[in-house]
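Written below as C-alpha cells is the structure these notes are about.
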Amino acid sequence: MKILKDETGAATAEYAIATIAAIGFAGLLVLILRSDEMKSILFDLIRGALDSFIPDSAAAIEE
Numbered sequence: 009m010k011i012l013k014d015e016t017g018a019a020t021a022e023y024a025i026a027t028i029a030a031i032g033f034a035g036l037l038v039l040i041l042r043s044d045e046m047k048s049i050l051f052d053l054i055r056g057a058l059d060s061f062i063p064d065s066a067a068a069i070e071e
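For the sequence shown, this note's numbering assigns the number 9 to the initial residue and increments by one for each residue that follows.
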C-alpha cells in the first residue's frame, strides 16, 4: 500500500469545507430570523436593552 505524504492543497480543501459549513449556518440563521416570532423576540430584547439605558426609549421607537 502506497502512503501519500504530499499535503499540497490540504489547507485549501479545509478552508473550502469551513466556508461551505459557514454558508450553510448563515442560511439557517436567515431562515430562523425571518420568522415573525423571532422578529418579535429580538424586538422585545432590543427594547428591553434600550429601556435599561434610556427609560423612555420604547415611547420613542413607537412614535
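Here a beta-carbon is modelled for each residue, glycine too, at the ideal position from N, C-alpha and C.
Assuming residue i is part of the alpha helix (DSSP H), what are its boundary residues?
i, result
"residue 60", "44 to 61"
On the premise that residue j lies in contact with residue i, defined as a C-beta separation below 8 angstroms, what is that separation, rounded to the nearest angstrom?
i, j, result
"residue 109", "residue 46", "This structure gives no information on residue 109, because the portion of the chain shown stretches from 9 to 71."
Would you say residue i lies against chain D (beta-carbon separation less than 8 angstroms)?
i, result
"residue 36", "No chain D is part of this structure, which consists of one protein chain only."
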